[in-house]
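Which chain is which? The protein sequence lines are A and E, in order.
Read left to right, the first sequence gives residues 296 to 460 (our numbering).
Read left to right, the second sequence gives residues 296 to 460 (our numbering).
Glycine included, each C-beta is placed from N, C-alpha and C at the ideal position.
Report on the structure given below.
Number of protein chains: 2
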Amino acid sequence: METDLDDQTMSRDLTNASEPQVAEFEPGILDTYIAYHLRLAQNASFRAFQRKTGQHDLKPGWFAVLSLIGDNPGITPMALSRGSGRDKSTLTPVLRDMLTGGYVERIASATDRRSYGLTLTEAGKCRLAEFSARAAEHDARLDAIVGEQKAELIALLRRIAAEIE
Amino acid sequence: METDLDDQTMSRDLTNASEPQVAEFEPGILDTYIAYHLRLAQNASFRAFQRKTGQHDLKPGWFAVLSLIGDNPGITPMALSRGSGRDKSTLTPVLRDMLTGGYVERIASATDRRSYGLTLTEAGKCRLAEFSARAAEHDARLDAIVGEQKAELIALLRRIAAEIE
DNA sequence: GGCAACCGGTTTGTTATCAAACTATACTGT
DNA sequence: ACAGTATAGTTTGATAACAAACCGGTTGCC
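See below:
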């Protein structure tokens, strides 16, 4: 199916390739856009992670939340929202599920009756440990891919997240 | 609201900050994960782009598709799917809208009756030009943030997209 | 030539997400 | 102290995406 109508327009030279076929289109200007590559990379990474963890009923959004709560006992939903980079309203159902699943507990704030703090239960810590194993495994693959430029990459990504307005 | 219940657990030292408040939680292990930073950065970038373009009724998914079609007249939906990093089924409604909007045209493949090629109409080229202006503007901000490490960053992101399985 | 496996594109169902509207509470300035 | 504004969390509605099931059509193998 690969190249039907594009013999003039495409610069591919591997018609006979036994390989799964790679160069079937011209990225064009898109190829110079950071945003484009950012999306492709994030998407590929996210899917890979989901495939690995999904079959163990570990929802992808959970790891960041559990981890943040674990490292910040008493953290509020708002801080969690900023820390995980998701909208506060996105977190509501996640936290509800964690609450009803018995993985986290709410502690009413003494100073602000609108708010509450979150802590992990024992079950939650256990859950987080399960996740951590999977997540570490996944991120190890990323580490292998980026090699010793990891620090640099993270610094760049952090700058992007912080400075784009 | 910031730090109600965590005075022991958090290492913040700017209770009086007049700034919009930044260090309100401890990233913890998460901070060492490439996947985490990738998601934050992509998300921030995507939102920023959407805010810029959304108000001009330019849907975010459209740019990559229009651009790829523009650079590859006759490209098939499958190639487009791989090129834009989205599932083929995601593309179906996008292409339908572009078709009915008169921005692209289908040309039945001469060799495979299941498939068809896509080309931009004049309206589509015009649309793409509009987008390009906005997209270039957005990506210029990203360029400014990453500076001269752009090539490096893109190389890393490309490797991630290609090699994560 | 015919059957089985594969592949391109569409349909359908589910999910993650944001944004805006809403409620209740807290803060600020006069 | 009170009025107006800002903030925390929830609800509701819209959207973009994937995945699996599906329908031709194609290809390869016997």
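Simplified DSSP assignment, three categories, for residue i
i	result
E/ASP366	helix
A/THR406	coil
E/TYR411	strand
A/GLU460	coil
A/GLU400	strand
A/LEU353	coil
E/GLY442	helix
E/ASP382	coil
E/GLU321	coil
A/THR416	coil
A/ASP392	helix
E/THR348	helix
E/TYR463	The first residue shown for chain E is 296 and the last is 460, placing residue 463 of chain E beyond what the model contains.
A/THR371	coil
Option nearest residue i by Cα separation, candidates the options
i	options	result
E/LYS420	E/TYR398, E/LEU335, E/LEU451 and E/ILE459	E/TYR398
A/ARG454	E/THR395, E/LEU437, E/PHE320 and E/LYS347	E/LEU437
E/ASP424	E/GLY365, E/TYR331, E/GLN345 and E/SER404	Note on identity: in this sequence residue 424 of chain E is Ala, with Asp being the wrong assignment. The shortest C-alpha separation from E/ALA424 is found at E/GLY365.
E/ALA359	A/ALA330, A/SER410 and A/ASN338	A/ALA330
E/LYS445	A/GLU321, A/GLY356 and A/ASP326	A/ASP326
A/ALA284	E/ARG409, E/ALA430 and E/GLU458	Lying outside 296 to 460, the shown extent of chain A, residue 284 of chain A is not represented and no answer is given.
E/ASP382	E/GLY356, E/ARG342, E/THR395 and E/GLY396	E/GLY356
A/ASP352	A/ALA405, A/GLY396, A/THR406 and A/GLY442	A/GLY396
A/MET393	A/GLY380, A/SER384, A/ARG422 and A/ARG408	A/ARG422
A/GLY380	E/PHE426, E/ARG408, E/PHE341 and E/ASP407	E/PHE341
CB contact flag (residue i, residue j, <8 Å)
i	j	result
A/LEU390	A/PRO368	no
A/LEU335	E/LEU452	yes
E/ARG401	E/LEU415	no
E/GLU319	A/ALA374	yes
E/SER376	E/LEU363	no
A/HIS332	E/ILE440	no
A/HIS433	A/LYS354	no
A/GLY378	E/PRO322	yes
A/VAL403	A/TYR411	Rather than Val, the amino acid found at residue 403 of chain A in this sequence is Ala. Yes, they are a contact pair.
E/GLN337	A/GLN337	yes
A/ALA343	E/ALA456	no
A/ALA428	E/TYR328	no
* To do: Output, in sequence order along the chain, the residues in the stretch 327 to 344 of chain A whose CB is closer than 9 Å to any CB in chain E.
  => The stretch 327 to 344 of chain A vs chain E, Cβ under 9 Å: THR327, TYR328, ILE329, ALA330, TYR331, HIS332, LEU333, ARG334, LEU335, ALA336, GLN337, ASN338, ALA339, SER340, PHE341, ARG342, ALA343 and PHE344.
* Asked: Using a beta-carbon distance cut-off of less than 9 Å, what residues from the stretch 347 to 368 of chain E approach chain A?
  -> For the stretch 347 to 368 of chain E, the set of positions with a beta-carbon nearer than 9 Å to some beta-carbon of chain A reads PHE358, ALA359, SER362, LEU363, GLY365, ASP366, ASN367 and PRO368 in chain order.
* Asked: Using Cβ-Cβ distances below 8 Å, what residues of the stretch 422 to 444 of chain E are close to chain A?
  -> SER427, ALA430, HIS433, ASP434, ARG436, LEU437, ASP438, ILE440, VAL441 and GLN444
* To do: Anything in the stretch 371 to 405 of chain E with a Cβ closer than 9 Å to a Cβ of chain A? List those residues in chain order, please.
  => Listed in chain order, the positions of the stretch 371 to 405 of chain E with a beta carbon within less than 9 Å of a beta carbon of chain A are THR371, MET373, ALA374, LEU375, ARG377, GLY378, SER379, GLY380, ARG381, ILE402, SER404 and ALA405.
* Please name the residues in the stretch 408 to 422 of chain E whose beta-carbon is closer than 9 Å to at least one beta-carbon of chain A, in chain order. => ARG409, SER410, TYR411 and GLY412
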